[in-house]
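Peer 1:
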Amino acid sequence: AQKVTQAQTEISVVEKEDVTLDCVYETRDTTYYLFWYKQPPSGELVFLIRRNSFDEQNEISGRYSWNFQKSTSSFNFTITASQVVDSAVYFCALSDEYSGGGADGLTFGKGTHLIIQP
Amino acid sequence: DGGITQSPKYLFRKEGQNVTLSCEQNLNHDAMYWYRQDPGQGLRLIYYSQIVNDFQKGDIAEGYSVSREKKESFPLTVTSAQKNPTAFYLCASSTSRSYEQYFGPGTRLTVT
Numbered sequence: 295a296q297k298v299t300q301a302q303t304e305i306s307v308v309e310k311e312d313v314t315l316d317c318v319y320e321t322r323d324t325t326y327y328l329f330w331y332k333q334p335p336s337g338e339l340v341f342l343i344r345r346n347s348f349d350e351q352n353e354i355s356g357r358y359s360w361n362f363q364k365s366t367s368s369f370n371f372t373i374t375a376s377q378v379v380d381s382a383v384y385f386c387a388l389s390d391e392y393s394g395g396g397a398d399g400l401t402f403g404k405g406t407h408l409i410i411q412p
Numbered sequence: 005d006g007g008i009t010q011s012p013k014y015l016f017r018k019e020g021q022n023v024t025l026s027c028e029q030n031l032n033h034d035a036m037y038w039y040r041q042d043p044g045q046g047l048r049l050i051y052y053s054q055i056v057n058d059f060q061k062g063d064i065a066e067g068y069s070v071s072r073e074k075k076e077s078f079p080l081t082v083t084s085a086q087k088n089p090t091a092f093y094l095c096a097s098s099t100s101r102s103y104e105q106y107f108g109p110g111t112r113l114t115v116t
């Protein structure tokens, strides 16, 4: 069965520091999708990125970047020059063909609570 | 604006009562989902629906029921059979061929 592990329960850094959130996944499929979501204190999950298993190119979006490595089954998320507004819980999630694809729901990690101190 | 609405934001019920959580979307998405989130935990899938009048159980469907009579609506009923109903409930939707799920603001249910 598929599984997503976010070993860092909570990370606290000072504003402007870089921070990396780790995500390790398990799946028996060759075709799968990985996601990152942000959950601010309001509770609503905000979609950040989707990556399919055939595209190992790293992606950068402003201060956010993602490193996908199939060899280590990891999909790590880095925030550069962190800001207080980045404080939230971040979830990594997986969707694979074994679970029927995206329409069968996502498998989430337990989340990493990121605290950016001013 | 397009999006997903859930109501109410906070809901309080007495043990033994059924309660229905509302979820509406105007994104024209075919698929809709219900997740449950407990403190310090990730989200767990309760039910999902890929098309009107059809839905499937997720990982923790016991004690819950759903209906999908309209494309834009996917209400969740928490029945008295659900042993630990107090949680944060999130509804999501996606297109049938896109795997991003978009989430509503959630309903925080407290049962005493």
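Protein chains in written order, with the working numbering: chain L, 295 to 412; chain R, 5 to 116. Ideal placement from N, C-alpha and C gives every residue a C-beta, glycine not left out. Computed from a prediction, not measured in an experiment: that's the story for all the values here.
In chain R, what lies closer than 8 Å to L:Y327 by C-beta?
Peer 2: Here the neighbours are Y103.
Peer 1: I'd like to confirm the pairing. Which residues does DSSP put opposite R:R72 in its beta bridges?
Peer 2: In the DSSP output, where bridge partners are listed per residue, R:R72 has none listed.
Peer 1: Nearest by alpha-carbon distance to R:K13: which of R:D63, R:L49, R:Y51 and R:F92 is it?
Peer 2: The candidate whose alpha carbon is nearest that of R:K13 is R:F92.
Peer 1: Do you know how far the Cα of L:Y384 is from the Cα of R:Q21?
Peer 2: Straight-line Cα distance between these residues: approximately 34 Å.
Peer 1: Write down every uninterrupted run of the beta strand (DSSP E) in the segment 303-367 of chain L whose length is 3 residues or greater and which is fully enclosed by it, in chain order.
Peer 2: Complete beta strand (DSSP E) runs here, min 3: 304-308, 313-315, 318-320, 326-333, 340-346, 353-355 and 358-363.
Peer 1: Whose C-beta lies closer than 7 Å to the C-beta of R:S71 among residues of the same chain, with five residues either side of it excluded?
Peer 2: P79.
Peer 1: Please check if any C-beta of chain L sits within less than 8 Å of the C-beta of R:F92.
Peer 2: So yes, R:F92 belongs to the interface.
Peer 1: Please name the residue, chosen from L:E309, L:A295, L:I373 and L:P334, that lies closest to L:D316 on a Cα-to-Cα basis.
Peer 2: The candidate whose alpha carbon is nearest that of L:D316 is L:I373.
Peer 1: Where do the ends of the beta strand (DSSP E) carrying R:L15 lie?
Peer 2: Note, R:L15: beta strand (DSSP E), Y14 to R17.
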